[in-house]
Structures are given as C-alpha cells and as structure tokens.
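In my numbering, the protein residues as written are 5 to 260.
Every residue, glycine too, gets a C-beta built ideally from N, C-alpha and C.
Bear in mind that the values here come from a model prediction, so they are computed numbers and not experimental data.
One structure is given below, encoded as structure tokens.
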Amino acid sequence: MMKVLKRSYLALILVFLYLPIVVLVVQSFNAGSSRALWEGFSLRWYGELFSNKSIMDALYVTLSIAVLAAFFSTILGTLAAIGIHAMKKRPQAFMMTLTNLPMTMPDIVTGISLMLLFIFTKVQRGYWTMLLAHITFNTPYVILSVMPKLKQMNSHAYEAALDLGATPVYALFHVILPEIKPGIITGALMAFTLSLDDFTVSYFTTSPLVQNLSTLIYSEARRGIKPTMNALSALMFVSLLILLLIVNRRTKETNN
C-alpha cells in the first residue's frame, strides 16, 4: 500500500510539473490562435516566429551572450580552480566557501547587487553589463566542475614536468589541462545552459533596449501571450532539455 501511495505521489508531482509544458508544446502546433480550441496541426507560429525581428534580435543577444559568457567564465573558472587547488587546506576551504556562496544566494539578490554596482559605478546598463553579469554568476559553476578532476589528478605530475625541464606554461597546457579536460567541457556546457536560461539576473542588469529571450517573453506575457510565444517557449524547452541531458551525462562521466 505504501509503495502505491509513494508512486502515486511521485506521478502526481511529475504531472503537475510537466503537464503545462506538454500543453504549451502542443498549443505551439495549433493552427488557430485560440488556446481553448484545437483547429488543426500547423507550423504557422514557427514560421511567424522566425520572421519576427524582435524575437530574432533577442535570440542573437541570448546566443551571443551565452557563448561569450561560457567562454570567459570557463577560462576564469579553470584558472581559479587550479589556483585554489594549489592552496593549503585551510585557505582552500575558505576559498571554496566563498565560491559556493554565490550559488546558494537567490538570483534576485545577485541581480539587484550587480544592478546597484553598475549604477554606483555609473556604467550604462545594456549588452555588456548583461555579459559581465553572466560571466560573474557562471564562473563558480565552472570552478565546481573542474575541482573534482584536479583532485583526481596525480599531484606530482606537474612537479615532475618541471623537473624534466618544462616551463610552467608548457606544463599547464600539456600536463594539467589535458587531465582536467572533461571537467572543463562540463563546466563550459553548464555555463552555456545557465546563461541561456537566465531571466532574473538579465532583467536587472540590462536596459529595455537590449533583451534576451527570457526578458522578451516576460515583457510579451504582460501584454498577453501570443501563439508565437508558445512556439518560442517550446523551442527553448527542447534546446535546454538536450543541453541538460548532455551536461548530466558528462557530469556522471567526470565524477566516475
């Protein structure tokens, strides 16, 4: 009896979470604009989606910021992880606490604090401030992905390379980075996914003239949901689902 109740409870939770998404995806193929009446299968809203300039501009902002944020946060996070790993036990524990702290804070706290920073420094909010914000909140996740591979690596490999005549830079690129490559790739994918999916931090660190897909959907939803938004949301859901599956698979491989 308890097993049946547990399974029923789990099934109810899954239905509650995913049924609205299923309805949204189905409605994106509805030929009509009514959400209450099915008027036949059609790709009409996907066609209108890709011909909408504001949505295409937001898509460009979203993808370009996600790629750039993933690139820079991966470099910063990898170098930071190597530096933290080289520390002694107590300083390392302290730095990891500082690194994990931004990940435990609500996104709205991060977004508002970065917004206040940009206002205080009189930096005009827009594309570049959004990019800086995404790099900021992505970097700790990269560090978290790279650190396990550093701990698995032979601690004497770097020193042995130096003893054999390698320069520190050569040893970094030919000894350390190849060993921690799976963690770096996982961190980069995670940073790209988080940047692609972010709304709260983006909302507080950009201007109304520069919008990514999440802020665009929010602004459009306030005026009423259009069928093109169903198509856009469906594409975002499928894309993020694929990316998350890849990240989860690579994370399992990294931990193993």
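1. Based on the DSSP output, what are the partners of F45 in its beta bridges?
2. Between which two residues does the alpha helix (DSSP H) harbouring T209 extend?
3. Comparing C-alpha positions only, which one of I69, Y13 and Q156 sits nearest to Y131?
4. Taking buried to mean at least 16 other C-beta atoms within 10 Å of its own C-beta, is M109 buried or exposed?
5. Based on Cα-Cα distance, which residue from V27, L9 and R11 lies nearest to F241?
6. Does the distance from the C-beta atom of L220 to that of I59 stay below 8 angstroms?
7. State the Cα-Cα distance for the pair I188 and H138, rounded to the nearest angstrom.
8. Does the region 170-178 come close enough to the region 74-81 to have 3 or more Cβ pairs within less than 8 angstroms?
9. First and last residue of the alpha helix (DSSP H) that includes Q156?
10. Between P212, E224, S12 and S206, which has its C-alpha nearest S117's C-alpha?
11. Let me check understanding here. Comparing Cα to Cα, which of L168, E183, I147 and L166 lies closest to M157?
12. Flag this pair as yes or no: are the beta carbons of A73 and L217 separated by less than 8 angstroms?
13. Taking the Cβ atom as the reference point for each residue, do L248 and F196 lie within a distance shorter than 8 angstroms?
14. Less than 8 angstroms between the C-beta atoms of F20 and A35, yes or no?
15. I need the straight-line Cα distance from E52 to T232, nearest angstrom please.
16. Kindly indicate the opening and closing residues of the alpha helix (DSSP H) around H89.
17. Quick one: give me the first and last residue of the alpha helix (DSSP H) that F124 is part of.
18. Mind checking which residues open and close the alpha helix (DSSP H) that includes M93?
19. Are N142 and S199 touching if we call contact CB-CB under 8 angstroms?
20. If the criterion is Cβ atoms closer than 8 angstroms, does the pair A97 and L154 meet it?
21. Tell me the residue span of the alpha helix (DSSP H) that contains A170.
22. Buried or exposed for R129, please, with buried defined as at least 16 other CB atoms from any protein chain shown within 10 angstroms of its CB.
23. Looking at the secondary structure, which residues open and close the alpha helix (DSSP H) in which S199 lies?
24. Just to confirm, is the Cβ distance from L3 to I250 under 8 angstroms?
25. My output table needs one value for V214: the three-state DSSP class, helix, strand or coil.
26. Tell me which same chain residues have a C-beta within less than 6 angstroms of the C-beta of I89, skipping the five on either side of it?
27. Taking the alpha-carbon of V214 as reference, which of N56, L102 and V65 has the nearest alpha-carbon?
28. Pick out whichever of S243, T101, S211 and G87 has its Cα sitting closest to the Cα of T133.
Working from what's here:
1. N34
2. T204 to T209
3. I69
4. exposed
5. V27
6. yes
7. 17 angstroms
8. no
9. Y131 to Q156
10. S206
11. E183
12. no
13. no
14. no
15. 7 angstroms
16. K57 to H89
17. D111 to F124
18. According to the sequence as given, residue 93 is Lys; it is not Met. Per DSSP, K93 belongs to the alpha helix (DSSP H) from K93 to T108.
19. yes
20. no
21. A170 -> no alpha helix (DSSP H), and no H or E assigned at all.
22. buried
23. L181 to D201
24. Missing from the structure shown is residue 3; the chain here goes from 5 to 260 and no further.
25. coil
26. It should be noted that the sequence gives His, not Ile, for residue 89. Here the set comprises L154.
27. V65
28. S211
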